[in-house]
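One structure is given here, and the rest of the page talks about it.
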Amino acid sequence: MATTTEQERQTQGSAEVSQDKFLEGLNVDLAHEYAAVISYRTYASQVQGQWRMELRQFFESEIPDELGHAALLADKIVALGGTPTTQPAPVKPARDSREMLRNSLEDEIETIDRYVLRRKQAEALGHYGLAVEFDDLIRDESTHRDEINMILKRWDTG
Ligand SMILES: [Fe+2]
Ligand SMILES: [Fe+2]
């Protein structure tokens, strides 16, 4: 079974992990990248209101990044002898644009947490190249988080 984010949080601090558990973790990451692609695509289509055009473009602009992350993770899982999952993590439904943004922000923050842990685990296992790849992923997701934060910050006052 794939480990959950909550379980992984509890192990934070100790990056020691077996190769099998590490591969399970990478598949959790991959499932969430696929979910991010579906979620941003769905939100881009569903978003309504006066900022539809801006938000639609914004959600769409995230998709290539998340798909790139999925490609990297799937490649690395195979390179390490694993099988990439084909099941996305659950996608959160949203009633309005604000909930779309809040869900997205929550997901980006959780993803950063997982990648910080995964980076430590990669290093502990001696996968130094992969550890460096996680720097890029952490940078990308941090940018996504900051952009969404900026949109939400002035939501009420414009
Ligand atoms: Fe991503
Ligand atoms: Fe992201």
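Take the sequence shown: its letters are residues 1057 to 1214, numbered as in our numbering.
Don't be surprised by glycine CBs; every beta carbon is placed ideally from N, CA and C.
Compute the Euclidean distance between the alpha carbons of residue i and residue j, then round it to the nearest angstrom.
| i | j | result |
| --- | --- | --- |
| A1100 | E1122 | 14 Å |
| L1157 | L1186 | 30 Å |
| H1183 | T1213 | 47 Å |
| A1130 | N1083 | 8 Å |
| V1103 | E1118 | 15 Å |
| D1085 | A1145 | 9 Å |
| M1109 | Q1075 | 45 Å |
| Q1113 | W1107 | 10 Å |
| Y1171 | V1134 | 18 Å |
| L1173 | K1132 | 17 Å |
| D1191 | R1201 | 15 Å |
| T1199 | A1150 | 22 Å |
| E1189 | P1120 | 17 Å |
Going along the chain, which residues of its own chain have a beta-carbon closer than 7 Å to the beta-carbon of residue i, five neighbours each way excluded?
| i | result |
| --- | --- |
| Q1143 | A1087 |
| M1057 | Model confidence at M1057 stands at a pLDDT of 42, short of 50, so the residue's coordinates are unreliable; what they give is reported in the following sentence. The answer is none, since no qualifying residue turns up. |
| R1210 | none |
| L1111 | V1103, S1153 |
| E1089 | E1122, H1125, A1126, L1129 |
Below 6 Å CB to CB, which residues in the same chain sit around residue i once its five sequence neighbours on both sides are set aside?
| i | result |
| --- | --- |
| G1215 | Only positions 1057 to 1214 of the chain appear in this structure, which leaves residue 1215 out of reach. |
| K1148 | N1159 |
| K1176 | A1071 |
| Q1066 | Per-residue confidence for Q1066 stands at a pLDDT of 49, beneath the threshold of 50, marking its modelled position as unreliable; the derived number appears in the next sentence. Here the set comprises nothing. |
| F1115 | Y1096, Y1099, A1100 |
Kindly give me the distance between the Cβ atoms of residue i and residue j, rounded to whole angstroms, as I take these residues to be in contact under 8 Å.
| i | j | result |
| --- | --- | --- |
| A1178 | E1072 | Actually they do not touch by this definition, with Cβ atoms about 12 Å apart. |
| I1168 | E1197 | 5 Å |
Sort the options by Cα distance to residue i and report the nearest one.
| i | options | result |
| --- | --- | --- |
| S1160 | W1107, N1205, K1209, W1211 | N1205 |
| T1098 | E1155, I1133, K1132 | E1155 |
| I1194 | R1210, E1164, W1211 | E1164 |
Please return the same chain residues whose Cβ sits closer than 8 Å to the Cβ of residue i, not counting the five positions on each side in sequence.
| i | result |
| --- | --- |
| L1208 | R1154, L1157, R1158, L1161 |
Taking only beta-carbon atoms, is residue i less than 8 Å away from chain B?
| i | result |
| --- | --- |
| L1157 | This model lacks chain B altogether, as it is built from one protein chain only. |
Review point. Hey, is the stretch 1073-1090 in contact with the stretch 1134-1151, meaning 3+ C-beta pairs nearer than 8 Å?
Key: Touching, yes, given that three or more Cβ pairs across the two stretches are closer than 8 Å.
Check your understanding: Would you call the stretch 1092-1099 and the stretch 1119-1135 touching, i.e. three or more CB-CB distances under 8 Å?
Key -> When Cβ pairs closer than 8 Å are counted between the two stretches, the stretch 1092-1099 is seen to touch the stretch 1119-1135, the count reaching three or more.
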